[in-house]
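Visitor:
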Amino acid sequence: MAKKKKKSAESYSLTSLLIHGQSRDKHWDYRHHVVPPMSCSTSYRLDSAARGAQGFAEFGADSSGEQKAPIYIYDRLGEPTRDMLEEALATAERGEIAVTFASGMAAVAAALNVCAVSDEHIVAHHVLYGSTYSLLKNWLPKFRIVSTLANLNDAQELQRSIRPNTRVVYFETPANPNLELIDIAAVKRAVDAANALRKPAQQIRILVDNTFASPFCQRPIEHGVDLVIHSLTKGICGFGTDMGGVVIGARRFLPSLLSYRKDFGGVLSPKAAWPILVYGLSTMSLRVKKQEQTALAVAEFLAQHAKVAAVHYPGLPSFPQYALARRQMTDYDGNFAPGSLVYFIVKGSLTKSRKLAERLIDHIAAESYTITLAVSLGQVRTLVEHPSSMTHSSVPLDQQVHEGIDPGGVRLSIGLEEPGDLIRDLDHALKKI
Ligand SMILES: *Cc1c(COP(=O)(O)O)cnc(C)c1O
Numbered sequence: 015m016a017k018k019k020k021k022s023a024e025s026y027s028l029t030s031l032l033i034h035g036q037s038r039d040k041h042w043d044y045r046h047h048v049v050p051p052m053s054c055s056t057s058y059r060l061d062s063a064a065r066g067a068q069g070f071a072e073f074g075a076d077s078s079g080e081q082k083a084p085i086y087i088y089d090r091l092g093e094p095t096r097d098m099l100e101e102a103l104a105t106a107e108r109g110e111i112a113v114t115f116a117s118g119m120a121a122v123a124a125a126l127n128v129c130a131v132s133d134e135h136i137v138a139h140h141v142l143y144g145s146t147y148s149l150l151k152n153w154l155p156k157f158r159i160v161s162t163l164a165n166l167n168d169a170q171e172l173q174r175s176i177r178p179n180t181r182v183v184y185f186e187t188p189a190n191p192n193l194e195l196i197d198i199a200a201v202k203r204a205v206d207a208a209n210a211l212r213k214p215a216q217q218i219r220i221l222v223d224n225t226f227a228s229p230f231c232q233r234p235i236e237h238g239v240d241l242v243i244h245s246l247t248k249g250i251c252g253f254g255t256d257m258g259g260v261v262i263g264a265r266r267f268l269p270s271l272l273s274y275r276k277d278f279g280g281v282l283s284p285k286a287a288w289p290i291l292v293y294g295l296s297t298m299s300l301r302v303k304k305q306e307q308t309a310l311a312v313a314e315f316l317a318q319h320a321k322v323a324a325v326h327y328p329g330l331p332s333f334p335q336y337a338l339a340r341r342q343m344t345d346y347d348g349n350f351a352p353g354s355l356v357y358f359i360v361k362g363s364l365t366k367s368r369k370l371a372e373r374l375i376d377h378i379a380a381e382s383y384t385i386t387l388a389v390s391l392g393q394v395r396t397l398v399e400h401p402s403s404m405t406h407s408s409v410p411l412d413q414q415v416h417e418g419i420d421p422g423g424v425r426l427s428i429g430l431e432e433p434g435d436l437i438r439d440l441d442h443a444l445k446k447i
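In our numbering, the protein residues as written are 15 to 447.
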């Protein structure tokens with residue numbers, strides 16, 4: 015029975031696979047459950063010394079193609095609910111394997127640490143998630159892993175930044191907060207050219223934080239990158255209830271990722287894995303599709319508003335990288351999938367627009383029913399924030415401007431409300447400034 019189901023499952027759409035799973039009885043015998051159970055056991059009965067020894071020997075080994083259940087020993091090494099989530103996440107990104115972590119940052123740290131060791135070098139795009147920037151700047155240098163921040167959309171700058179000891183090229187696309195895209199294929203071409211002259215141990219890996227797009231809108235592995243990272247906390251969990259992270263890629267990365275997780279210890283709790291698997295992944299396609307329709311309506315409304323200087327939404331034909339967005343961001347059915355984040359800039363000089371954006375946010379916080387002032391993204395509720403004074407406030411103002419973080423910029427993460435309600439609340443707040 016199980017075998018038959020697994021064989022035929024691959025021919026179904028990813029949306030259906032994320033609801034039904036791939037191998038419903040490999041990790042745990044729950045054939046008679048409709049919903050995967052949440053397992054809560056930090057250690058596992060081993061039956062005999064020999065079985066215990068076998069369990070340790072098999073840890074981290076490639077179990078693909080095996081139909082027998084793995085020997086579980088201890089939660090931090092491996093655990094069935096999390097394993098089921100990892101299988102679904104690998105499916106969602108079209109990767110071979112996925113390893114989850116306690117948070118997105120734990121996943122970022124793991125991916126970088128398994129790809130670079132001391133005296134090696136990382137090239138990263140200059141616009142990065144704040145904690146990733148701090149990890150590169152403040153912590154990895156303690157392991158003698160140094161980074162160069164560069165504009166990865168500038169092919170020459172990328173080429174110039176690559177050193178003999180470079181092992182990683184790292185970026186987010188769309189980038190936070192202004193939704194600038196990185197051309198994945200162009201970076202891949204540059205890295206391939208550098209790798210052609212290198213021995214296998216010196217190859218440069220491409221790592222992409224795909225959190226902003228979600229796997230529904232963009233699968234960088236299809237464009238040739240080595241590892242994809244997600245903060246599961248955002249659009250994959252989708253309800254704002256649980257934190258998590260994941261690294262997805264080729265099977266050859268599995269032993270080092272599992273060993274890193276075992277020893278650094280940032281495991282995802284099965285109690286957090288369960289809602290991400292049961293509620294998050296199974297509804298992701300539905301949620302993101304609706305969010306995209308609403309995001310386009312909101313972006314179109316903002317684009318014609320007299321108090322708005324510019325709107326960045328990859329789905330708007332006026333988006334500067336619209337052609338790239340259409341090439342790179344596609345959903346599971348091949349449709350254009352520009353995501354659920356919208357960034358817009360309030361009209362005015364640098365100092366004036368910053369004040370107006372803060373006032374707009376305050377009006378929204380005080381009076382809007384459908385838009386919530388809060389960080390994070392990808393939830394069922396629409397969230398708004400002012401990057402210049404909030405998420406990106408650690409970047410000095412002149413550097414903000416240089417990096418495309420406008421003082422008057424406002425970031426919206428679109429939820430599942432009716433578009434008309436969001437537009438009404440935005441219109442009301444814009445009238446007040
Ligand atoms: C939130 C976020 C992270 C960090 O994830 P946590 O789950 O908060 O640790 C990393 N990258 C991006 C792009 C994010 O939005």
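Don't be surprised by glycine CBs; every beta carbon is placed ideally from N, CA and C. On a predicted model such as this, the values are computed, not experimentally measured, just so you know.
Taking G258 and S53 to be in contact with their CB atoms under 8 Å, please state how far apart those CB atoms are, rounded to whole angstroms.
Guide: Here the question's residue 258 lines up with position 244 in the sequence shown. Here the question's residue 53 lines up with position 39 in the sequence shown. With a contact defined as Cβ atoms closer than 8 Å, G258 and S53 miss out at about 16 Å.
Visitor: Buried or exposed for Q342, going by 16 or more other Cβ atoms inside 10 Å?
Guide: The sequence position of residue 342 within the sequence shown is 328, counting from 1. It is buried - the Cβ of Q342 has at least 16 other Cβ atoms within 10 Å.
Visitor: Rounding to the nearest angstrom, what Cα-Cα distance links L444 and V239 in this structure?
Guide: Taking the sequence shown and counting its residues from 1, the one referred to as residue 444 is at position 430. Taking the sequence shown and counting its residues from 1, the one referred to as residue 239 is at position 225. Cα to Cα, L444 sits roughly 41 Å from V239.
Visitor: Give me whichever residues DSSP pairs with E186 in a beta bridge.
Guide: The residue labelled residue 186 in the question sits at position 172 within the sequence shown. Its beta-bridge partners are D223.
Visitor: Tell me I111's beta-bridge partners as DSSP assigns them.
Guide: Working through the sequence shown from its first residue, we reach residue 111 at position 97. BP columns for I111 point to G263.
Visitor: If you count every other CB in all the chains shown that lies within 10 Å of the CB of T365, and 16 or more means buried, which is it?
Guide: For the purposes of this step, residue 365 is taken as residue 351 along the sequence shown, with counting starting at 1. The residue in question, T365, is exposed, as its Cβ has fewer than 16 Cβ neighbours within 10 Å.
Visitor: Looking only at its chain, what residues have a beta carbon closer than 7 Å to the beta carbon of R233, apart from the 5 residues adjacent to it on each side?
Guide: Reading the sequence shown from its first residue, position 219 is the one you call residue 233. So the qualifying residues of the chain are E107, R108.
Visitor: Consult DSSP for H326 and reduce its assignment to one of helix, strand or coil.
Guide: For the purposes of this step, residue 326 is taken as residue 312 along the sequence shown, with counting starting at 1. DSSP, read as helix, strand or coil, puts H326 in strand.
Visitor: Of the residues F267, I176, N192, A287, which one's Cα is nearest the Cα of L126?
Guide: Residue numbering aside, residue 126 sits at position 112 when the sequence shown is read from its first letter. If we check each option's Cα against that of L126, F267 comes out closest.
Visitor: Nearer than 7 Å: is that true of the beta carbon of V113 relative to any heavy atom of ligand 1?
Guide: Here residue 113 is taken as the residue at index 99 of the sequence shown, counted from 1. Answer for V113: no, Cβ out of range of ligand 1.
Visitor: How many angstroms separate the CA atom of P178 from the CA atom of V222?
Guide: Counted from its first residue, the sequence shown places residue 178 at position 164. Counted from its first residue, the sequence shown places residue 222 at position 208. The alpha-carbon atoms of P178 and V222 are separated by roughly 21 Å.
Visitor: Could you give the distance in angstroms between the alpha-carbon of L91 and the alpha-carbon of A324?
Guide: Your numbering for residue 91 matches position 77 in the sequence shown. Your numbering for residue 324 matches position 310 in the sequence shown. Rounded to the nearest angstrom, the two C-alpha atoms are 49 Å apart.
Visitor: Do you know how far the Cα of L241 is from the Cα of I235?
Guide: Numbered from its first residue, the sequence shown carries residue 235 at position 221. Numbered from its first residue, the sequence shown carries residue 241 at position 227. Straight-line Cα distance between these residues: approximately 7 Å.
Visitor: So, under 8 Å CB-CB, N209 and I218 are touching, yes? Tell me the CB distance rounded to an integer number of Å.
Guide: Looking up residue 209 in the sequence shown gives position 195. Looking up residue 218 in the sequence shown gives position 204. Yes, they are in contact, since the Cβ atoms of N209 and I218 sit about 6 Å apart, within 8 Å.
Visitor: Give a single yes or no on whether G118 has its beta carbon closer than 7 Å to a heavy atom of ligand 1.
Guide: Within the sequence shown, residue 118 is the residue found at index 104, counting from 1. At least one heavy atom of ligand 1 is nearer than 7 Å to the Cβ of G118, so yes.
Visitor: Which of helix, strand or coil does DSSP assign to A200?
Guide: Along the sequence shown, read from residue 1 onward, the residue named residue 200 stands at position 186. Helix at A200.
Visitor: Is there contact here, the stretch 393-403 with the stretch 420-437, by at least three beta-carbon pairs under 8 Å?
Guide: They touch, by the three-pair rule.
Visitor: Give the straight-line distance between the Cα atoms of Y26 and P284, rounded to the nearest whole angstrom.
Guide: The count along the sequence shown starts at 1 and reaches residue 26 at position 12. The count along the sequence shown starts at 1 and reaches residue 284 at position 270. Answer to the nearest angstrom: the Cα atoms are 27 Å apart.
Visitor: What is the residue span of the beta strand (DSSP E) that E399 lies within?
Guide: For the purposes of this step, residue 399 is taken as the residue at position 385 of the sequence shown. First-last of the beta strand (DSSP E) with E399: 396-399.
Visitor: To which residues of the same chain is M15 closer than 7 Å at the C-beta, ignoring the five residues directly before and after it?
Guide: In the sequence shown, the residue the question calls residue 15 occupies position 1. Confidence at M15 is low in this model, with a pLDDT of 34, below 50, so the placement of that residue is unreliable and no value is reported for it.
Visitor: Take S408 as the anchor and find which of S145, G429, Q173 has the nearest alpha-carbon.
Guide: Indexing the sequence shown from 1 puts residue 408 at position 394. Checked all of S145, G429, Q173; the closest Cα to S408 is S145.
Visitor: If you measure from the CB of T56, is any heavy atom of ligand 1 nearer than 7 Å?
Guide: Looking up residue 56 in the sequence shown gives position 42. No, ligand 1 has no heavy atom inside 7 Å of this Cβ.
Visitor: When burial is assigned at 16 or more other CB atoms within 10 Å of the CB, is T247 buried or exposed?
Guide: One-based indexing of the sequence shown puts residue 247 at position 233. So T247 counts as buried.
Visitor: DSSP three-state label for L211, please.
Guide: Your numbering for residue 211 matches position 197 in the sequence shown. L211 falls in the coil class under three-state DSSP.
Visitor: Note the first and the last residue of the continuous beta strand (DSSP E) segment covering I136.
Guide: Residue 136 sits at position 122 when you count from the first residue of the sequence shown. Run containing I136: 135-139, per the beta strand (DSSP E) assignment.
Visitor: Do A339 and D345 have their C-beta atoms closer together than 8 Å?
Guide: The residue labelled residue 339 in the question sits at position 325 within the sequence shown. The residue labelled residue 345 in the question sits at position 331 within the sequence shown. Going by C-beta atoms, A339 is not nearer than 8 Å to D345.
Visitor: Would S57 be called buried (16 or more neighbouring beta carbons within 10 Å of its own) or exposed?
Guide: Reading the sequence shown from its first residue, position 43 is the one you call residue 57. Result: exposed.
Visitor: So the beta strand (DSSP E) V312 belongs to, where does it begin and stop?
Guide: Here the question's residue 312 lines up with position 298 in the sequence shown. V312 -> not in any beta strand (DSSP E); alpha helix (DSSP H) instead, spanning 296-317.
Visitor: Using the three-state DSSP reduction, which class does A164 fall into: helix, strand or coil?
Guide: Residue numbering aside, residue 164 sits at position 150 when the sequence shown is read from its first letter. Here A164 sits in strand by DSSP.
Visitor: Go ahead and pull the three-state DSSP assignment for L355.
Guide: By 1-based counting over the sequence shown, the position of residue 355 is 341. The answer is strand: DSSP assigns L355 an E or B state.
Visitor: Write down the C-beta distance between P328 and L193 rounded to the nearest angstrom, noting that I regard them as a contact closer than 8 Å.
Guide: Translated into the one-based positions of the sequence shown, residue 328 becomes position 314. Translated into the one-based positions of the sequence shown, residue 193 becomes position 179. Right, their Cβ atoms sit about 6 Å apart.
Visitor: Could you confirm whether any beta carbon from chain B is found closer than 8 Å to the beta carbon of K446?
Guide: Among the chains in the structure shown there is no chain B, since it carries only a single protein chain.
Visitor: Does the Cβ-Cβ distance between R275 and V113 come in under 8 Å?
Guide: As a working note, residue 275 is residue 261 in the sequence shown. As a working note, residue 113 is residue 99 in the sequence shown. Against a cut-off of 8 Å, the Cβ pair of V113 and R275 comes out as a contact.
Visitor: When DSSP labels each residue in this structure, what does I437 get in the three-state scheme?
Guide: Stepping through the sequence shown from its first residue, residue 437 is reached at position 423. It is helical.
Visitor: At what residues does the alpha helix (DSSP H) containing L268 begin and finish?
Guide: Taking the first residue of the sequence shown as 1, we reach residue 268 at position 254. Note, L268: alpha helix (DSSP H), 268-278.
Visitor: Which residue marks the beginning of the alpha helix (DSSP H) containing R59, and which one marks its end?
Guide: What you label residue 59 is simply residue 45 of the sequence shown in a count that begins at 1. Note, R59: premise wrong, no alpha helix (DSSP H); not H, not E.
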